[in-house]
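Below is one structure, written out as structure tokens; the observations come after it.
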Amino acid sequence: MGAMSIWHWLVVLLIVAMVFGTGKLKDIGKDLGSAVKGFKEGMREGEDDTPQRTPERVTHQSTAQDNTIDVETKTKS
108 MGAMSIWHWL VVLLIVAMVF GTGKLKDIGK DLGSAVKGFK EGMREGEDDT PQRTPERVTH
168 QSTAQDNTID VETKTKS
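Just so we're aligned: 158 in our numbering is position 51 of the sequence shown, and the numbers increase by one with no gaps anywhere.
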């Protein structure tokens, strides 16, 4: 009883089609599809533009204990 049956959804779809018209719904779907496509292309371009940062110099310094190593890294700006 809590979930809507297929008949409820068909009636809702019919009312929406009568209010907005099928041409308007088609335009809304086309606009939404192009927006999603543009978003995906933007995400792909953003991944390609990300620079890879590599350490410029790594130095190792011993401390009082022989098994401990202090590491200093610097990245290129």
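The C-beta atom is built at its ideal place from N, Cα and C for all residues, glycine as well.
| Check | Outcome |
| --- | --- |
| Sub-8 Å separation of leucine 132 and alanine 124 beta-carbons | yes |
| Alanine 124, enclosing alpha helix (DSSP H) - first and last residue | 113-127 |
| Three-way DSSP call (helix, strand, coil) for lysine 133 in this model | helix |
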